[in-house]
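So the structure is just underneath, and the comments pick up after that.
Protein chains: 2
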Amino acid sequence: MKIGILTIGNELISGRTADTNSSFIARKINQQGWRVEAIMSVGDDFEAIENRLNYLLPLTDAIICTGGLGPTADDITSAAIAQAFELPLYTDENVLNYIKEIFTKYNLRWIENNAKQAMFPQGAEIIANPVGTAAGFVLNIKGKLIFVIPGVPAETIRMMTEGVLPVLRRCFPQNEQYSAKQTIKTFGLSEAAVDDSLKDIDFNALDVSIGFYPVFPENHLVIISRRKTLVEAQRKLKLAQDEITKRLEKYIFHYGEETLEEIVATLLIERKMTLAVAESCTGGLISNRLTDVAGSSAFFERGIVTYSNAAKIKLLGVPVDVIEKYGAVSEETARLMAEGVRKLSGTDLGLSSTGIAGPTGGSPDKPVGTIYLALSDSTQTLCRHYAFRWDRKRNKHVFSEAALMMLKDYCETQISKTK
Amino acid sequence: MKIGILTIGNELISGRTADTNSSFIARKINQQGWRVEAIMSVGDDFEAIENRLNYLLPLTDAIICTGGLGPTADDITSAAIAQAFELPLYTDENVLNYIKEIFTKYNLRWIENNAKQAMFPQGAEIIANPVGTAAGFVLNIKGKLIFVIPGVPAETIRMMTEGVLPVLRRCFPQNEQYSAKQTIKTFGLSEAAVDDSLKDIDFNALDVSIGFYPVFPENHLVIISRRKTLVEAQRKLKLAQDEITKRLEKYIFHYGEETLEEIVATLLIERKMTLAVAESCTGGLISNRLTDVAGSSAFFERGIVTYSNAAKIKLLGVPVDVIEKYGAVSEETARLMAEGVRKLSGTDLGLSSTGIAGPTGGSPDKPVGTIYLALSDSTQTLCRHYAFRWDRKRNKHVFSEAALMMLKDYCETQISKTK
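As given, the protein sequences belong to chains A and B, one line each in that order.
For the first sequence, the residue numbers in the working numbering are 807 to 1225.
For the second sequence, the residue numbers in the working numbering are 807 to 1225.
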């Protein structure tokens, strides 16, 4: 089956917004074993949308359109599609009521043009939007399906998975309908290096498809097996996973969908351990990531962002002469920060970061990208030191990643000790 | 002038690689005052490439293609374009010698298929590649230009700027070559409400284009005017900006590209003021955003994430009976947190947040989304209270936005006082 993707929006053809939806949709389509014939972007323009649809329709079995379903004047996708196929627009009362409920619930002011989001071309089957007001729809035009979903990435992702794929599967039944899937998360290798490590694996021979998804600073692999039985799909998947693990074991930190902060939170809660964090160059990012996890108050006691030396000295008890002798960015300071925050907070663990995020502040022996991390418990203080080479924001991000990884490794050692 | 963009590569239509080239090229084209008619991606496939080119050619004055110029078997772009327009391929001796020189210089082993990179369709004008072996070219097909450059982003960027744009400017002299642009950032209104407020402005009559760009929790407007002189473009832009300001003044917080944290940082540094932050529900996000700004150590002294009540009491000196009487999420606690962190840090300002990010922890009178913010200086403590209704991560984000907005408003009042 051949699919066309049409992303709609002036922000795409002006280059103001990068089109991440089309590659997401293309991945999903390829994972199903279907083929993307073409990807196109077009502005919010009646004639251009009509022209593209008429070009794509003979080339494909289905077209997936995103964007232009908002309430504003430049959101014309539904109207343009109605015009292209000479269909009248109608108001769907269920959708209208749903939108009005959302407005009431969130105490938003109702403006009449919001009703536009309840208008669809005649014959449309509605695709619910679980995360917003813009419902999608699918039209059957001479046996070909035209899907339209919103372009806000979070909504595209949900509706592609929960709305579009089920309809596609129903209308174009697959022989190999059982699938098994695994996400493998790696940290510490570039995408090219991951790719290179796996180049001798013949995934086709294993009947497994593989996708590479860089999510800075991680690289995720998604392997999917599609077979006639679930057992067979799982068996094939396991073989592929084992081959990947053999080659990348050192860099794999998780099999599954959880984020690193969720993994760390679960480990700490399981061990009934409490944590305090003292951050310098990461500026609150480690605390922020940990507190993104619902229920983090079970383990997260406090975070301290000691950006100034005075704060390191006063709040964490790092002696001034240690900072003077070794520098604020040093193993010695990192260790004392971790120990200080643990003791002062009365927690089981103290975690610290001190480094140079950039763009300035580097020196020949401590260049921008240098980070010292320390983790203290009641019996020991561990330290790790890395030199990364990114810009300020990415350095902060990779520093926080390394810190959470250190916590994860520590927790996992703890469980082996108690075994 | 209308431009088509065609990015070529199996990695694009499989979704394995996100297409960043097309948005880069689109931005460059729009900056010149030209228009992108369509963006397309296609696989490494003779028939499909020919089909797309024949579709794009009548719609556009020029097509910019990227990708498929490497030495391997799946790099077929030059051959596909030659076939599409029935042109023979020839070997360019200058390019061949240049590639051989590179191989010698970097001590690479010469393999015969590298010579493929010196083959071009008859009539091609070569576009030099300053950063790789894959030269590009431009063909004139019945008065329309077809550009082909490599798809490696670093090479695309260089060759687009140094190779493609000069040829386009030479062949299509611009009438309205001066443009003026303004970004207007708003906070506090939904995208629909912003649109509704502006619906009576006739931007076409003002010769100004407008784009809406939601960047949660902000909504940005970008207005662009393109005229024969810069003065005229700026005059038109000013008229449109004044109309927008008249309608949205209350919600506009910035004219320009700077982020809210950059704006706040500049204000604090200008006023030589120092800041300490005490965060509860925002979990370090306020500190993280402020320290994303390079040079933030000039004003940011420390941040404290007091997630537990014990930390609020011990680190900030909030009396236990205040927390017991009014609750940790209350105006009273917020005020004492801000005052406490300011006094303990010895900074000019203390900023605090306490609220309920969710998904649990809400109550009828303090639902999820409740936030109290306080800002303390040596003479007063201000407090703001909001009720938002997002999920945990978006609540944290909008809380931090409101906190930074409070800082911004405060700093701007300070300057008026000193005037």
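Here a beta-carbon is modelled for each residue, glycine too, at the ideal position from N, C-alpha and C.
Against chain A, the beta carbon of Arg-1190(B) has no neighbour under 8 Å; the closest one sits roughly 18 Å away. Here Gly-1109(A) has Val-1083 and Ser-1093 as same chain residues with Cβ atoms under 6 Å from its own Cβ, once five neighbours each way along the sequence are excluded.
For Pro-1020(A), the uninterrupted beta strand (DSSP E) segment begins and ends at 1014-1021.
The three-state secondary structure of Val-1124(B), taken from DSSP, is coil. For Phe-852(B), the secondary structure class from DSSP, reduced to helix, strand or coil, is helix.
With 16 or more other Cβ atoms inside 10 Å of its own Cβ, Asn-1201(A) counts as buried. Contact check for Asn-836(A) and Gly-815(B): beta-carbon distance about 14 Å, past the 8 Å limit, so the pair fails to qualify. The beta-carbon of Thr-883(A) is placed no less than 8 Å from the nearest beta-carbon of chain B.
In the structure shown, Val-1135(A) adopts coil according to DSSP, grouped into three states.
From the beta-carbon of Ile-1119(A), no residue of chain B is found nearer than 9 Å; the closest lies around 11 Å away. Secondary structure of Asn-900(A) (DSSP, three-state): helix. For a Cβ distance threshold of 9 Å, residue set Ala-824 of chain A lies close to Thr-826(B), ordered along the chain. Under the Cβ criterion of 8 Å, Tyr-912(B) is not counted among the residues facing chain A. Listed as beta-bridge partners of Asn-946(A) by DSSP are Leu-951(A).
Proximity of chain A to Lys-1199(B) at the Cβ level (cut-off 8 Å) is accounted for by Asp-1098, in chain order.
Under the DSSP assignment, Pro-927(A) falls in the beta strand (DSSP E) whose first and last residues are 925-927. Contact residues of the segment 828-850 of chain A toward chain B are Ser-828, Ser-829, Phe-830, Ile-831, Ala-832, Arg-833, Lys-834, Ile-835, Asn-836, Gln-837, Arg-841, Val-842, Glu-843, Ala-844, Ile-845, Met-846, Ser-847, Val-848 and Gly-849 (C-beta to C-beta distance below 9 Å). Spanning the alpha carbons of Pro-959(A) and Thr-878(B) requires a straight line of approximately 34 Å.
In this structure, DSSP gives Phe-1194(B) a state outside helix and strand, which the three-state scheme calls coil. In this structure, Leu-863(B) places its C-beta atom within 8 Å of the C-beta atom of Ile-869(B). When secondary structure is reduced to three states using DSSP, Gln-988(B) falls in the strand class. Secondary structure note for Ile-1075(B): its alpha helix (DSSP H) is the uninterrupted segment 1066-1076. Any Cβ of chain A closer than 8 Å to the Cβ of Lys-1005(B) would place that residue at the interface, and such an atom is present.
Closer than 7 Å at the C-beta level to chain A, one finds these residues of the segment 981-1000 of chain B: Ser-996, Glu-997, Ala-998 and Ala-999. Residues of the segment 955-975 of chain B whose Cβ lies closer than 7 Å to any Cβ of chain A: none.
Look at Thr-1112(B): its C-beta is under 8 Å from a C-beta on chain A.
By the neighbour-count criterion, in which 16 or more other beta carbons inside 10 Å mark a residue as buried, Ile-917(B) falls on the exposed side. Counting only the Cα atoms, Leu-902(A) lies some 6 Å from Ala-921(A). For the pair Met-1212(A) and Ser-985(A), the Cα-to-Cα distance works out to about 34 Å. When the beta-carbon positions are compared, Glu-1107(B) and Ser-1114(A) come within less than 8 Å of each other.
Proximity of Phe-1194(A) to chain B, defined by a Cβ-Cβ separation below 8 Å, is not satisfied. If the five residues before and after Ala-940(A) are omitted, its C-beta is found closer than 7 Å to the C-beta atoms of Leu-875, Gly-876, Gln-923, Pro-956 and Glu-961, all from its own chain and listed in chain order. The beta-carbon distance between Ser-847(B) and Ile-819(B), rounded to whole angstroms, is 6 Å. This is short enough to meet the 8 Å contact definition.
Taking the Cα positions, Gly-1168(A) is about 12 Å away from Phe-1194(A). In chain order, Gly-1090, Ser-1093, Asn-1094, Arg-1095, Leu-1096, Thr-1097, Asp-1098, Ser-1102, Phe-1106 and Gly-1109 make up the part of chain B whose C-beta sits under 9 Å from the C-beta of Gly-1089(A). Across the structure, Ile-1029(B) and Arg-964(B) are spaced so that their CA atoms are roughly 28 Å apart.
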